[in-house]
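Structure record follows, encoded as C-alpha coordinates.
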Amino acid sequence: MPDDPADDAVHAPYGPLPEGGTVRPMTRWGTPVMHRPQAKVTEYDDGLTQLAADMVATMYAADGVGLAACQIGEDVAMFVFDCPDASGKRTVGVVCNPVLTLPEGRERRLDDGDEGCLSYPGAFIECARPDWARVDGFGLDGQPVTFEGDGLLARCLQHETDHTLGTVFGDRLSDRARKKLRKAHEKAAEDYPPEWPASVG
1 MPDDPADDAV HAPYGPLPEG GTVRPMTRWG TPVMHRPQAK VTEYDDGLTQ LAADMVATMY
61 AADGVGLAAC QIGEDVAMFV FDCPDASGKR TVGVVCNPVL TLPEGRERRL DDGDEGCLSY
121 PGAFIECARP DWARVDGFGL DGQPVTFEGD GLLARCLQHE TDHTLGTVFG DRLSDRARKK
181 LRKAHEKAAE DYPPEWPASV G
(Lines of atoms letter the chains of each structure in order from A and count residues from 1; the text may use other names and numbers.)
(Lines give C-alpha, C1' and ligand atoms only; values in the text may rest on other atoms or scores of the structure.)
Protein backbone atom coordinates (compact mmCIF):
# COMPACT_ATOMS: atom_id res chain seq x y z
CA MET A 1 0.00 0.00 0.00
CA PRO A 2 1.20 3.54 -0.58
CA ASP A 3 2.76 5.03 2.54
CA ASP A 4 0.22 7.84 2.70
CA PRO A 5 -3.13 7.60 0.89
CA ALA A 6 -3.45 11.40 1.13
CA ASP A 7 -0.10 12.07 -0.58
CA ASP A 8 -0.24 15.26 -2.64
CA ALA A 9 1.62 13.55 -5.51
CA VAL A 10 -1.33 11.28 -6.26
CA HIS A 11 -2.91 11.53 -9.73
CA ALA A 12 -6.69 11.77 -9.34
CA PRO A 13 -8.07 12.84 -12.74
CA TYR A 14 -11.68 12.35 -11.63
CA GLY A 15 -11.30 13.46 -8.02
CA PRO A 16 -10.22 11.78 -4.78
CA LEU A 17 -11.41 8.40 -3.58
CA PRO A 18 -14.49 8.46 -1.33
CA GLU A 19 -13.75 8.50 2.40
CA GLY A 20 -15.55 7.51 5.58
CA GLY A 21 -16.09 3.86 4.71
CA THR A 22 -16.20 0.81 6.97
CA VAL A 23 -13.56 -1.91 6.74
CA ARG A 24 -15.24 -5.18 5.82
CA PRO A 25 -14.08 -8.81 5.89
CA MET A 26 -12.49 -10.01 2.66
CA THR A 27 -14.50 -12.46 0.57
CA ARG A 28 -12.34 -15.42 -0.44
CA TRP A 29 -11.88 -17.47 -3.58
CA GLY A 30 -14.43 -20.28 -3.68
CA THR A 31 -17.32 -18.01 -2.67
CA PRO A 32 -19.86 -18.02 -5.55
CA VAL A 33 -19.88 -14.22 -5.99
CA MET A 34 -16.17 -14.36 -6.82
CA HIS A 35 -16.68 -16.68 -9.78
CA ARG A 36 -19.51 -15.17 -11.80
CA PRO A 37 -19.86 -11.96 -13.83
CA GLN A 38 -20.95 -9.08 -11.62
CA ALA A 39 -24.19 -7.13 -12.04
CA LYS A 40 -23.83 -3.94 -14.07
CA VAL A 41 -24.21 -0.66 -12.22
CA THR A 42 -27.44 1.05 -13.29
CA GLU A 43 -28.03 3.51 -10.44
CA TYR A 44 -25.42 6.05 -9.41
CA ASP A 45 -26.68 7.01 -5.98
CA ASP A 46 -25.53 7.52 -2.39
CA GLY A 47 -25.63 3.77 -1.78
CA LEU A 48 -23.07 3.20 -4.55
CA THR A 49 -20.81 5.92 -3.14
CA GLN A 50 -21.01 4.36 0.33
CA LEU A 51 -20.12 0.95 -1.11
CA ALA A 52 -17.11 2.50 -2.86
CA ALA A 53 -16.06 4.15 0.42
CA ASP A 54 -16.23 0.77 2.19
CA MET A 55 -14.14 -0.74 -0.59
CA VAL A 56 -11.51 1.99 -0.25
CA ALA A 57 -11.32 1.56 3.53
CA THR A 58 -11.00 -2.21 3.14
CA MET A 59 -8.35 -1.91 0.41
CA TYR A 60 -6.16 0.34 2.57
CA ALA A 61 -6.65 -1.81 5.68
CA ALA A 62 -5.46 -4.82 3.68
CA ASP A 63 -2.46 -2.96 2.21
CA GLY A 64 -3.85 -3.42 -1.27
CA VAL A 65 -3.61 -1.36 -4.45
CA GLY A 66 -7.01 -2.33 -5.84
CA LEU A 67 -10.28 -3.93 -4.76
CA ALA A 68 -13.42 -5.08 -6.57
CA ALA A 69 -16.88 -5.04 -5.02
CA CYS A 70 -17.14 -8.84 -5.14
CA GLN A 71 -14.16 -8.98 -2.78
CA ILE A 72 -16.38 -7.69 0.00
CA GLY A 73 -19.26 -9.89 -1.10
CA GLU A 74 -21.14 -7.41 -3.30
CA ASP A 75 -22.46 -8.42 -6.73
CA VAL A 76 -21.59 -5.09 -8.37
CA ALA A 77 -19.31 -4.49 -11.38
CA MET A 78 -17.11 -1.86 -9.76
CA PHE A 79 -13.56 -1.54 -8.50
CA VAL A 80 -11.43 1.05 -6.71
CA PHE A 81 -7.67 1.47 -6.90
CA ASP A 82 -4.67 3.43 -5.66
CA CYS A 83 -1.75 2.10 -7.61
CA PRO A 84 1.62 3.24 -9.00
CA ASP A 85 2.70 2.84 -12.61
CA ALA A 86 6.17 1.88 -13.82
CA SER A 87 7.53 5.35 -12.97
CA GLY A 88 6.12 5.22 -9.44
CA LYS A 89 3.36 7.77 -10.10
CA ARG A 90 0.23 6.84 -8.16
CA THR A 91 -3.19 7.04 -9.74
CA VAL A 92 -6.47 6.65 -7.84
CA GLY A 93 -9.93 6.00 -9.19
CA VAL A 94 -13.29 4.27 -9.15
CA VAL A 95 -14.53 2.38 -12.20
CA CYS A 96 -18.04 1.02 -12.73
CA ASN A 97 -18.82 -1.39 -15.58
CA PRO A 98 -15.19 -1.52 -16.76
CA VAL A 99 -14.19 -2.43 -20.30
CA LEU A 100 -10.57 -3.44 -20.78
CA THR A 101 -8.38 -2.65 -23.81
CA LEU A 102 -5.01 -4.38 -24.23
CA PRO A 103 -2.23 -4.00 -26.82
CA GLU A 104 -2.28 -6.24 -29.86
CA GLY A 105 0.28 -7.39 -32.41
CA ARG A 106 3.75 -5.87 -32.18
CA GLU A 107 2.61 -3.54 -29.39
CA ARG A 108 1.81 -6.48 -27.10
CA ARG A 109 4.58 -7.21 -24.58
CA LEU A 110 4.12 -9.46 -21.57
CA ASP A 111 5.21 -8.73 -18.01
CA ASP A 112 5.66 -11.95 -16.04
CA GLY A 113 5.91 -10.27 -12.64
CA ASP A 114 4.49 -11.62 -9.40
CA GLU A 115 0.79 -11.24 -8.71
CA GLY A 116 -1.35 -11.77 -5.63
CA CYS A 117 -4.96 -11.31 -4.60
CA LEU A 118 -6.46 -9.95 -1.39
CA SER A 119 -9.12 -12.66 -1.65
CA TYR A 120 -6.40 -15.33 -1.59
CA PRO A 121 -4.03 -13.63 0.85
CA GLY A 122 -0.43 -14.44 1.60
CA ALA A 123 0.37 -15.97 -1.80
CA PHE A 124 2.17 -14.54 -4.82
CA ILE A 125 3.33 -16.09 -8.07
CA GLU A 126 4.38 -15.06 -11.57
CA CYS A 127 1.46 -14.33 -13.89
CA ALA A 128 2.13 -13.06 -17.40
CA ARG A 129 0.00 -10.08 -18.46
CA PRO A 130 0.36 -7.32 -21.07
CA ASP A 131 2.57 -4.50 -19.77
CA TRP A 132 0.05 -1.78 -20.67
CA ALA A 133 -3.72 -1.57 -20.23
CA ARG A 134 -6.60 0.86 -20.54
CA VAL A 135 -9.96 0.68 -18.80
CA ASP A 136 -13.05 2.63 -19.81
CA GLY A 137 -16.10 2.81 -17.58
CA PHE A 138 -18.09 5.18 -15.43
CA GLY A 139 -17.38 7.07 -12.22
CA LEU A 140 -19.61 7.36 -9.17
CA ASP A 141 -21.45 10.25 -10.84
CA GLY A 142 -22.30 8.13 -13.89
CA GLN A 143 -19.93 10.07 -16.15
CA PRO A 144 -17.40 8.30 -18.40
CA VAL A 145 -13.90 7.67 -17.05
CA THR A 146 -10.74 6.30 -18.64
CA PHE A 147 -7.59 5.09 -16.94
CA GLU A 148 -4.48 3.70 -18.59
CA GLY A 149 -0.96 2.87 -17.59
CA ASP A 150 1.99 0.51 -17.43
CA GLY A 151 3.82 -1.37 -14.71
CA LEU A 152 1.84 -2.38 -11.65
CA LEU A 153 -1.02 -0.09 -12.70
CA ALA A 154 -1.49 -2.09 -15.91
CA ARG A 155 -1.56 -5.31 -13.90
CA CYS A 156 -4.01 -3.82 -11.39
CA LEU A 157 -6.45 -2.61 -14.06
CA GLN A 158 -6.45 -6.08 -15.64
CA HIS A 159 -6.73 -7.93 -12.33
CA GLU A 160 -9.64 -5.84 -11.05
CA THR A 161 -11.53 -5.91 -14.36
CA ASP A 162 -11.16 -9.70 -14.29
CA HIS A 163 -12.92 -9.72 -10.91
CA THR A 164 -15.94 -7.94 -12.38
CA LEU A 165 -16.12 -10.73 -14.98
CA GLY A 166 -15.93 -13.52 -12.41
CA THR A 167 -12.29 -14.40 -13.13
CA VAL A 168 -9.61 -14.74 -10.43
CA PHE A 169 -5.98 -14.67 -11.47
CA GLY A 170 -5.57 -18.28 -10.42
CA ASP A 171 -7.78 -19.15 -13.40
CA ARG A 172 -4.97 -17.87 -15.63
CA LEU A 173 -2.30 -20.15 -14.14
CA SER A 174 -1.12 -23.64 -15.05
CA ASP A 175 -2.09 -26.52 -12.77
CA ARG A 176 1.46 -26.60 -11.40
CA ALA A 177 1.46 -22.87 -10.64
CA ARG A 178 -1.97 -23.07 -9.00
CA LYS A 179 -0.72 -25.86 -6.73
CA LYS A 180 2.29 -23.76 -5.73
CA LEU A 181 0.04 -20.77 -5.08
CA ARG A 182 -2.33 -22.87 -2.95
CA LYS A 183 0.54 -24.13 -0.79
CA ALA A 184 1.72 -20.57 -0.14
CA HIS A 185 -1.82 -19.48 0.73
CA GLU A 186 -2.32 -22.39 3.13
CA LYS A 187 1.03 -21.71 4.81
CA ALA A 188 -0.02 -18.10 5.50
CA ALA A 189 -3.61 -18.90 6.52
CA GLU A 190 -3.10 -18.23 10.23
CA ASP A 191 -2.12 -14.65 9.46
CA TYR A 192 -5.43 -13.98 7.71
CA PRO A 193 -8.43 -14.96 9.90
CA PRO A 194 -11.93 -15.02 8.34
CA GLU A 195 -12.72 -11.46 9.45
CA TRP A 196 -9.49 -10.04 7.99
CA PRO A 197 -8.86 -7.16 7.41
CA ALA A 198 -11.81 -6.00 9.55
CA SER A 199 -10.04 -7.75 12.44
CA VAL A 200 -6.80 -5.77 11.97
CA GLY A 201 -5.95 -3.54 14.92
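Position 56 of the sequence shown, counting from 1, maps to 56 under the UniProt record's numbering, and the rest follow consecutively.
Yeah, the Cβ is synthetic: ideal placement off N, Cα and C, and Gly gets one too.
On a CA-only basis, which of the options is nearest residue i? Give me that one, please.
{"i": "residue 181", "options": "132, 85, 153, 124", "result": "124"}
{"i": "residue 158", "options": "100, 90, 50", "result": "100"}
{"i": "residue 94", "options": "116, 67, 85", "result": "67"}
{"i": "residue 188", "options": "104, 118, 151", "result": "118"}
{"i": "residue 146", "options": "155, 168, 98", "result": "98"}
{"i": "residue 89", "options": "148, 144, 184", "result": "148"}
{"i": "residue 113", "options": "126, 102, 105", "result": "126"}
Helix, strand or coil: how does DSSP classify residue i here?
{"i": "residue 131", "result": "coil"}
{"i": "residue 216", "result": "No answer is possible for residue 216: the residues shown for the chain start at 1 and end at 201."}
{"i": "residue 70", "result": "helix"}
{"i": "residue 167", "result": "coil"}
{"i": "residue 49", "result": "helix"}
{"i": "residue 63", "result": "coil"}
{"i": "residue 11", "result": "strand"}
{"i": "residue 4", "result": "Low per-residue confidence applies at residue 4: pLDDT is 48, beneath 50, and the placement is therefore not dependable enough to give any value."}
{"i": "residue 176", "result": "helix"}
{"i": "residue 26", "result": "coil"}
{"i": "residue 54", "result": "helix"}
{"i": "residue 84", "result": "strand"}
{"i": "residue 161", "result": "helix"}
Between residue i and residue j, how many whole angstroms is the CB-CB distance? I'm expecting something under 8 Å.
{"i": "residue 24", "j": "residue 198", "result": "6 Å"}
{"i": "residue 164", "j": "residue 77", "result": "4 Å"}
{"i": "residue 82", "j": "residue 17", "result": "7 Å"}
{"i": "residue 155", "j": "residue 115", "result": "6 Å"}
So what does residue i bridge to, in DSSP terms?
{"i": "residue 114", "result": "126"}
{"i": "residue 148", "result": "134"}
{"i": "residue 90", "result": "84"}
Taking one C-beta from the stretch 129-146 and one from the stretch 37-56 each time, how about it: are there three or more such pairs within less than 8 Å?
Yes, the stretch 129-146 is in contact with the stretch 37-56.
Assess, as a yes-or-no matter, whether the stretch 12-27 is touched by the stretch 55-62 under the definition of 3 or more beta carbon pairs within less than 8 Å.
Verdict: yes, contact present.
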